[in-house]
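S.K.: Below is a structure I'd like to ask you about.
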Amino acid sequence: MPKKIGYTIVGVTGEAEGYSAKNLEHHGPTVPGWQTPRFCVYPQEIILHLHEPCHLKKLQILSHQYMIGSKVEFFVGSSGSPESFTRLGYIYLSNNEKTGFKSRELKSVHIDAEGQYLRLVVHKNHLNKYNLYNQVGIMAFNAIGDGMRTRRQPLHQLDGGPNNGTNYLNDTAAFNKPDYISPMDDLAFDMYQDPEVAGIIRRLDIKKKKAVIEENFDVAKRMKQAIADLQKVGEKLARYELDKRRAIEHEDYDLAKSKKAQMDEYRLKVYQQLQKHNLLEDAGLATNSPRREKGSPLKVAEEPQPSPREIAPAEEPLAEPPVQGVTPVIPQFVEHEYTPSPHPVADVTESVSYHESVEEEASMQHEHSIVNYDEKVIPALAKHKDRDPFSEEVASPPPVDSPEQTAPAGEPEAMSERNIREARSVIDVFDMPLVSGAYSKMWSYREDSLLAVYKLLSNVPAATSKDELKTTLRAAVFLIKRAIKDKVHAVFNASLKLLEYILVHFIPEHKLGKIETTYTVAQTLPNLIQKTGETALRSRSSALDFIDSMSAFKTVHPLQLVQQQAIQPYKRDLAMRLALSRVELVKRLLDRYGIQPPALTVDTVMKFVNPALEHASGSVREEATKVILQLYRIGGAPVKAYLPTDDNFARKNPLYRHIFDEMDHIDGKPTQSELKAQMQAKTAADEQAKRQQIAELQAQVEQLRAVNAKTNETQSPPTKQGKKTKKNTVRKDLEADPVIDQKQGNVSADADDTFLENMCIFCSEKDDSFTEEGLDLHYWKHCPMLKRCEHCKQVVEIAGYSEHLLTECDSKDNFGKCPRCTEAILKVDLQKHIADKKCTAAKPTTQDHCPLCHRNITQGEESWKNHLMGSKRDACQSNPRRLPSINRLRGKEESEKNAAAGKGKKLGPVKHVRK
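Residue numbers (this note's numbering): 21 to 935.
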């Protein structure tokens with residue numbers, strides 16, 4: 021069965037002063053561990069010599085909270101020579117940024133290797149602001165495996181020392197778990213337990229296993245319960261030891277002496293309890309423990325309640341919940357609460373994190389002399405299980421007249437005359453000892469006084485008169501109001517617990533009504549809100565969370581007391597933290613309740629948040645913006661009435677521009693910035709398209725010029741090569757041209773030249789504007805015989821459009837010819853087009869086929885003109901240029917007729933009538 025293997029450090033490449041690698045040979049809460057030298061060269065190595073050759077099953081390494089290596093490699097060997105080592109693998113360590121460098125990582129790796137030497141290769145560190153010297157720290161290392169030489173020892177010879185490993189029973193068949201690893205061999209156990217108590221726990225565990233084999237189950241049950249109780253004891257003693265070490269480092273020797281006395285007294289009482297049940301003999305310890313004073317009787321004593329410094333230290337954060345199935349480890353100088361897992365770890369690689377304060381530990385060095393006072397052992401207050409949120413262990417109820425009900429044991433300093441006058445009404449209710457503790461300079465007395473009040477209120481009989489209940493309540497509220505302002509977090513936290521008990525339990529159970537609820541909240545809430553502006557993040561967060569939860573209490577919520585107090589306006593020069601917390605509180609209330617008249621309305625919230633928009637702190641303005649946007653999501657347009665008008669002048673302010681843009685987003689509209697960007701993009705796209713169209717037009721013009729030049733070469737007389745003409749078209753127009761010399765039967769050369777220059781060679785339209793540039797424009801936009809290709813933007817004749825798409829177009833590879841209608845069809849649609857058989861069949865031998873209206877027409881140029889330019893019903897209805905061309909020609913004809921009629925009337929001969 022695997023066990024912990026002891027080892028010795030036999031080689032290391034370097035170590036920092038005070039952090040020797042030899043520290044890794046011992047496991048305990050106060051061991052400082054090993055650290056690499058400052059600004060060393062990586063990788064660094066450590067060589068470990070195991071006490072015996074073994075079959076290794078598990079390796080564990082505990083990393084420092086901010087001196088973290090990026091990678092650790094493991095090698096195993098049979099000897100210390102470099103050639104004997106075999107590489108097992110490596111692990112990566114987290115950079116710890118997610119935890120804020122307040123936790124350590126425990127890595128456990130399951131392996132299967134044999135050897136007597138281990139070599140750890142530590143690679144360069146993760147960079148962070150705390151690791152100023154680029155060091156890597158390892159707090160502890162543990163090896164677990166089966167010894168290859170050691171024979172199992174008899175049960176009466178087994179030793180349970182803290183780092184010797186635990187030998188278990190030879191009869192593994194009794195448990196049927198040959199690979200079982202005891203939690204007491206886990207690294208977490210020794211790093212969190214007092215060494216002496218850990219040894220006792222190991223011996224009792226052996227006794228338990230022996231009883232199981234002997235089937236003495238009563239003894240096994242007693243051992244099991246004792247082990248569970250002793251684990252808690254070991255944790256407390258470990259915390260006491262850490263407090264003592266911390267006090268020594270800060271040279272607070274009075275506190276160190278007090279802690280030492282507290283440890284001895286606690287240990288003595290624990291041993292007395294063990295002696296009562298004959299567990300010291302079972303653990304192999306002498307009955308007259310050296311820890312116990314000579315001659316002291318072995319009487320049963322209750323375990324003392326730890327002072328508030330042990331319950332909730334003012335300078336340290338609470339521990340994070342441990343990972344399931346893994347036991348967390350206590351860090352150096354940090355207190356934690358945990359319950360060791362009774363089950364073995366089954367994961368191949370596991371990571372455990374636990375808290376250690378980094379920033380607060382630095383600040384603690386300056387505040388230690390103010391906060392950490394001498395402490396005295398305080399007896400545990402008897403508390404009911406279902407009512408006591410403070411006590412970790414429940415003691416038997418004391419007698420009714422016991423002083424434990426009224427004040428903590430000890431003698432707090434006497435109250436001043438001024439304080440007595442101030443608290444006279446409270447003294448009449450709770451007596452002088454308790455109130456003296458509430459006014460004490462020692463924070464532990466202040467906290468214990470609040471605990472005593474909590475206990476008194478929880479034990480008030482139901483038959484108590486209303487007047488007495490109200491007097492007691494108001495006295496308790498007086499102490500709570502004072503404790504809320506306490507700088508020690510433990511005292512503040514106790515005041516919150518007491519206040520919660522009053523509002524949730526005391527007032528409803530005794531039916532005190534709304535008046536007392538209003539009084540309690542009115543007296544305490546202003547101080548709570550003021551507490552949210554403190555520098556300490558923990559106190560500030562606790563106050564905010566409590567106010568938020570208090571607003572939902574059944575006694576408080578119907579009265580809307582928190583909402584009414586939260587939205588009270590404040591001055592623009594309010595301190596940044598307090599202003600930020602107040603705005604955040606309003607946002608939380610909006611998120612929880614939405615608009616809830618009369619306290620939370622658009623009017624009240626906007627009047628509260630508008631001054632925050634003008635606060636000097638940017639974080640306050642940002643949080644106020646979030647409140648406005650959240651209110652706009654709930655309340656809609658009325659919110660805009662409390663803001664400046666959404667115009668260009670207001671949008672010059674970046675804050676209001678952001679608010680208006682986010683409101684547009686909430687409404688699902690584009691913002692003005694987005695609209696402006698879209699307009700700019702559209703304008704740029706239009707300009708680009710215009711430039712592209714001009715370029716294409718110029719290219720087409722050049723192409724048409726080439727076509728015209730070629731036509732002139734084939735159809736014009738030799739002396740008129742540069743003129744654009746078509747033989748048939750020219751012949752038709754010449755017959756009706758008024759410049760023909762009918763007497764001589766031929767056309768003058770000047771008339772022919774003028775006729776051809778101002779005429780389109782495709783549609784035969786004549787116009788004085790048909791110069792070289794005018795004809796180009798006519799071809800591009802107006803000629804009814806031509807068409808711009810949709811795919812290559814070239815101007816082609818409609819009669820040859822299908823042929824162009826199949827042979828000349830840049831996209832000709834995308835078209836195919838329909839064998840039925842001979843048109844050019846996109847190949848993706850060609851098969852469906854052919855299968856539908858809806859096209860008009862072409863007759864290539866006798867008729868032409870129009871690609872626009874898909875009809876057959878008579879062959880010939882004149883037939884094409886009549887079809888594309890005519891006004892009859894059989895003309896092409898799909899030609900977009902046909903009707904504009906007809907209207908243009910009719911307009912010219914009417915203009916010419918009107919001009920001719922006017923000219924004849926003016927110049928006509930005058931006839932004389934003879935009488």
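Note that the Cβ used here is the ideal one computed from N, Cα and C, for glycine as well.
Using 8 Å as the Cβ pair cut-off and three pairs as the minimum, do the segment 242–250 and the segment 265–283 touch?
M.R.: no
S.K.: Could you tell me whether the Cβ atoms of Y286 and K241 are closer together than 8 Å?
M.R.: As a position in the sequence shown, residue 286 is number 266, starting the count at 1. As a position in the sequence shown, residue 241 is number 221, starting the count at 1. It is not a contact, given that the beta carbons lie outside the stated cut-off.
S.K.: By how many angstroms is the C-alpha of G656 removed from the C-alpha of C859?
M.R.: Indexing the sequence shown from 1 puts residue 859 at position 839. Indexing the sequence shown from 1 puts residue 656 at position 636. The alpha-carbon atoms of C859 and G656 are separated by roughly 59 Å.
S.K.: When burial is assigned at 16 or more other CB atoms within 10 Å of the CB, is F105 buried or exposed?
M.R.: The sequence position of residue 105 within the sequence shown is 85, counting from 1. Taking all protein chains shown into account, F105 has 16 or more neighbouring C-beta atoms within 10 Å of its C-beta and is therefore buried.
S.K.: Span of the alpha helix (DSSP H) holding K78?
M.R.: Within the sequence shown, the letter at position 58 stands for residue 78. Element bounds for K78: not the alpha helix (DSSP H) but the beta strand (DSSP E), 64–83.
S.K.: In angstroms with no decimal places, state the Cα-to-Cα distance between F16 and P690.
M.R.: One cannot answer for residue 16 here, as it falls past the ends of the chain, which runs 21 to 935.
S.K.: What does DSSP give as the partner residue(s) for V92 in the beta ladder?
M.R.: Residue 92 sits at position 72 when you count from the first residue of the sequence shown. Paired residues: I111, V142.
S.K.: Using the C-alpha atoms, what's the distance from G135 back to G97?
M.R.: Along the sequence shown, one-based indexing puts residue 97 at 77. Along the sequence shown, one-based indexing puts residue 135 at 115. Cα to Cα, G97 sits roughly 5 Å from G135.
S.K.: Hey, does L598 have any beta-carbon neighbour from chain B nearer than 8 Å?
M.R.: Here chain B cannot be found, since the structure has a single protein chain.
S.K.: If contact is defined by three or more beta carbon pairs under 8 Å, each pair taking one atom from either stretch, is the segment 498–516 in contact with the segment 541–555?
M.R.: yes
S.K.: Can you grab the Cα-Cα spacing for the pair P674 / V647, in whole Å?
M.R.: Residue 674 sits at position 654 when you count from the first residue of the sequence shown. Residue 647 sits at position 627 when you count from the first residue of the sequence shown. Straight-line Cα distance between these residues: approximately 17 Å.
S.K.: When the distance is taken between beta carbons, is G109 closer than 8 Å to F943?
M.R.: Beyond the ends of the chain as shown, which are 21 and 935, falls residue 943; an answer cannot be given.
S.K.: According to DSSP, is D706 helix, strand or coil?
M.R.: Within the sequence shown, numbered from 1, the residue matching residue 706 stands at position 686. Helix.
S.K.: Near R58, which residues of its chain fall below 7 Å by C-beta distance, leaving aside the five closest residues on each side in sequence?
M.R.: Taking the first residue of the sequence shown as 1, we reach residue 58 at position 38. These residues qualify, in order along the chain: A36, Y153, Q155.
S.K.: So, for C812: in the same chain, excluding its five sequence neighbours on each side, which residues have a beta-carbon less than 6 Å away from its beta-carbon?
M.R.: As a first step, residue 812 must be located in the sequence shown, where it is residue number 792. Excluding residues within five positions, the ones whose Cβ falls inside 6 Å are C829, D830.
S.K.: Looking at the unbroken beta strand (DSSP E) that takes in M204, where does it start and where does it end?
M.R.: On the sequence shown, position 184 is the one that residue 204 refers to. Looking at the DSSP string, M204 is not in any beta strand (DSSP E), and its letter there is neither H nor E.
S.K.: Which of helix, strand or coil does DSSP assign to Q588?
M.R.: For this step, residue 588 is matched to residue 568 along the sequence shown. The answer is coil: DSSP assigns Q588 none of H, G, I, E or B.
S.K.: What are the start and end residues of each continuous alpha helix (DSSP H) run of 4 or more residues lying completely inside the segment 422–476, in chain order?
M.R.: Taking 4 residues as the shortest admissible run, the segment 422–476 contains the following complete alpha helix (DSSP H) segments, listed from N- to C-terminal end: 437–442, 444–458.
S.K.: Measuring alpha carbon to alpha carbon, tell me which of G794, C803, S789 ends up nearest C783.
M.R.: Here residue 783 refers to the residue found at position 763 of the sequence shown. The shortest Cα separation from C783 among G794, C803, S789 belongs to C803.
S.K.: Along the chain, which unbroken stretches of the alpha helix (DSSP H) at least 4 residues long are found entirely within the segment 506–557?
M.R.: 509–521, 527–530, 534–551
S.K.: Going by beta carbon distance, what residues of the same chain come within less than 6 Å of P341, once the five residues before and after it are set aside?
M.R.: By 1-based counting over the sequence shown, the position of residue 341 is 321. Only weak support is given to the placement of P341: the predicted model assigns it a pLDDT of 34, under 50, and the value that follows is read from those uncertain coordinates. Contacts found: none.
S.K.: Alpha carbon to alpha carbon, how far is C838 from K832? Give it in angstroms, no decimals.
M.R.: Position 812 of the sequence shown, counted from the start, is the residue given in the question as residue 832. Position 818 of the sequence shown, counted from the start, is the residue given in the question as residue 838. Taking the straight line from one Cα to the other gives about 14 Å.
S.K.: Could you pull the start and end residues of the beta strand (DSSP E) that M159 belongs to?
M.R.: Within the sequence shown, numbered from 1, the residue matching residue 159 stands at position 139. Bounds of the beta strand (DSSP E) holding M159 are 157–167.
S.K.: How would you write the range of the alpha helix (DSSP H) that L651 sits in, first residue to last?
M.R.: Indexing the sequence shown from 1 puts residue 651 at position 631. Note, L651: alpha helix (DSSP H), 638–655.
S.K.: List the DSSP bridge partners of D868.
M.R.: Locating residue 868 in the sequence shown gives position 848, where the first residue counts as 1. Answer is I877, bridged to D868.
S.K.: Can you tell me whether H270 sits near the ligand COA, meaning its C-beta is under 7 Å from at least one heavy atom of the ligand?
M.R.: Summarising the ligand content, the structure contains no ligands, and the ligand COA is consequently not present.
S.K.: Tell me whether the beta-carbon of P900 lies closer than 8 Å to the beta-carbon of I818.
M.R.: Indexing the sequence shown from 1 puts residue 900 at position 880. Indexing the sequence shown from 1 puts residue 818 at position 798. Going by C-beta atoms, P900 is not nearer than 8 Å to I818.
S.K.: Taking DSSP as the reference, what is the three-state secondary structure of D593?
M.R.: Taking the first residue of the sequence shown as 1, we reach residue 593 at position 573. Note: D593 maps to coil in three-state DSSP.
S.K.: Spatial neighbours of V232 within its chain, please: CB distance less than 6 Å, with the 5 preceding and 5 following residues excluded, ordered by chain position.
M.R.: Against the sequence shown, residue 232 aligns to sequence position 212. Cβ within range, chain order: A240.
S.K.: Measure the beta-carbon distance from L44 to S83 and round it to whole angstroms, keeping in mind my assumption that it falls under 8 Å.
M.R.: On the sequence shown, residue 44 is found 24 positions in, with the first residue counted as 1. On the sequence shown, residue 83 is found 63 positions in, with the first residue counted as 1. In fact, because the Cβ distance is near 12 Å, the residues do not count as touching under 8 Å.
S.K.: I'd like the list of long-range same chain contacts for Q80, defined as Cβ closer than 6 Å, with 5 residues on each side in sequence excluded.
M.R.: As a position in the sequence shown, residue 80 is number 60, starting the count at 1. The answer, listed in chain order, is S128, N162, L207.
S.K.: Under the rule that 16 or more other beta-carbon atoms within 10 Å means buried, what is A701, buried or exposed?
M.R.: Counting from 1 along the sequence shown, the entry for residue 701 is found at position 681. Result: exposed.
S.K.: Nearest by alpha-carbon distance to L620: which of I29, Q583, Y590 is it?
M.R.: By one-based count along the sequence shown, residue 620 stands at place 600. The option with the nearest alpha carbon to L620 is Q583.
S.K.: Grab the span of the alpha helix (DSSP H) containing V232 for me, first residue to last.
M.R.: Here residue 232 corresponds to residue number 212 of the sequence shown, with the count starting at 1. Segment 215–233, the alpha helix (DSSP H) holding V232.
S.K.: With distances taken between CB atoms, is the gap from V603 to I587 smaller than 8 Å?
M.R.: Residue mapping note: residue 603 aligns to position 583 of the sequence shown, counting from 1. Residue mapping note: residue 587 aligns to position 567 of the sequence shown, counting from 1. Not in contact: V603 and I587 (Cβ atoms no closer than 8 Å).
S.K.: Can you tell me where the beta strand (DSSP E) with L826 in it begins and where it stops?
M.R.: The residue given as residue 826 occupies position 806 in the sequence shown. Not the beta strand (DSSP E): L826 falls in the alpha helix (DSSP H), residues 821–827.
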